[in-house]
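All remarks here apply to the structure that follows.
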Amino acid sequence: MSITLRSAALACLLSLAACSSGGVHSSVADAPDARPTLSDYNLDSDGLAIKGYDPVSYFPDFGGEARKGSAEFSATHRGVTYRFVSESHKQTFLENPAAFEPRYGGWCAWAMADGKGDKVRINPKSFTIEDGKLYLFYDSFLADTREMWLDAGGADELAPPSDENWERLSGEEPDGDEDDDG
Numbered sequence: 191m192s193i194t195l196r197s198a199a200l201a202c203l204l205s206l207a208a209c210s211s212g213g214v215h216s217s218v219a220d221a222p223d224a225r226p227t228l229s230d231y232n233l234d235s236d237g238l239a240i241k242g243y244d245p246v247s248y249f250p251d252f253g254g255e256a257r258k259g260s261a262e263f264s265a266t267h268r269g270v271t272y273r274f275v276s277e278s279h280k281q282t283f284l285e286n287p288a289a290f291e292p293r294y295g296g297w298c299a300w301a302m303a304d305g306k307g308d309k310v311r312i313n314p315k316s317f318t319i320e321d322g323k324l325y326l327f328y329d330s331f332l333a334d335t336r337e338m339w340l341d342a343g344g345a346d347e348l349a350p351p352s353d354e355n356w357e358r359l360s361g362e363e364p365d366g367d368e369d370d371d372g
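Just so we're aligned, residue 191 is where the sequence shown starts under the numbering used here, counting upward by one.
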């Protein structure tokens with residue numbers, strides 16, 4: 191990883207220390223068939239993924255924008271609760287959750303690319319869809335990690351180290367096709 195990328199990531203992470211998960215890195219890497227634990231996911235205080243935003247709504251065929259979901263249209267996949275803007279979005283997700291789940295358990299993709307693969311909380315309105323995958327980012331007046339991600343080559347350059355770090359931290363292959371638990 192380039193020095194520029196590491197320096198930018200370190201600066202970003204230092205300024206965001208209060209927003210991180212506290213450096214807790216659970217790992218199930220020794221059990222390759224194990225699923226990540228819920229502590230591996232970026233969940234809000236209500237246990238919701240993406241702070242209650244609809245993962246389907248991010249994709250161009252479904253609006254291409256971050257939209258807050260409704261408790262009326264909730265679904266749980268692998269123990270993680272997602273909300274949707276409509277029953278149609280909920281059903282679309284349930285037909286193929288892996289196609290819509292955010293990468294890296296919903297943590298900041300830019301921070302996951304760092305050599306350590308830090309878990310940094312996200313702004314659900316800061317995202318990109320690359321190669322049909324949802325990447326989320328931290329964004330505040332201090333740093334826009336989405337722009338940093340794109341400037342550094344986006345998923346073409348940064349997904350490989352991010353994927354390795356996510357697998358090391360969670361034991362889950364980023365493109366793994368897991369069974370639905372309800």
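Note that CB positions come from ideal geometry on N, CA and C, so glycine has one too.
Endpoints, the alpha helix (DSSP H) within which residue i is located
i: S235; result: It is not in any alpha helix (DSSP H) - S235 carries neither H nor E in the DSSP assignment.
i: E373; result: An answer regarding residue 373 cannot be provided, because it is not within the stretch 191 to 372 covered by the chain.
i: T335; result: T335 to D341
i: F283; result: E277 to E285
i: A299; result: A299 to A303
Residue i, enclosing beta strand (DSSP E) - first and last residue
i: E262; result: S260 to H267
i: K323; result: K323 to F327
i: E320; result: N313 to E320
i: Y272; result: V270 to F274
Residue environment, residue i, which counts as buried when at least 16 other CB atoms sit within 10 Å
i: S197; result: Bear in mind that the predicted position of S197 carries a pLDDT of just 40, short of 50, making it too unreliable to give a figure here.
i: L332; result: exposed
i: L228; result: exposed
i: G182; result: Past the edges of the chain, shown from 191 to 372, lies residue 182, and the structure says nothing about it.
i: N355; result: buried
i: L359; result: buried
i: P364; result: buried
i: G295; result: buried
i: P350; result: exposed
i: I193; result: In this prediction, I193 scores a pLDDT of 36, lower than 50, which makes its location untrustworthy; the coordinate-derived value is nonetheless stated afterwards. When all chains shown are included, I193 counts as exposed.
i: S235; result: exposed
i: E357; result: buried
i: G254; result: exposed
i: A261; result: exposed
i: G259; result: buried
i: D251; result: exposed
Member of the options whose CA lies at the smallest distance from the CA of residue i
i: K241; options: G253, F252 and V270; result: V270
i: S330; options: D304, G295, S235 and V310; result: V310
i: F249; options: E291, R268, L238 and D236; result: E291
i: E347; options: Y328, M302, E363 and D308; result: M302
i: N232; options: P351, G253 and I312; result: I312
i: A299; options: D230, D251, A345 and D234; result: A345
i: G237; options: H267, G253, V246 and G254; result: H267
Three or more C-beta pairs closer than 8 Å, one from the region 319–335 and one from the region 270–285: is that the case here? no
Specify whether the region 329–349 and the region 263–276 touch according to this definition: at least 3 beta carbon pairs, one from each stretch, less than 8 Å apart. no
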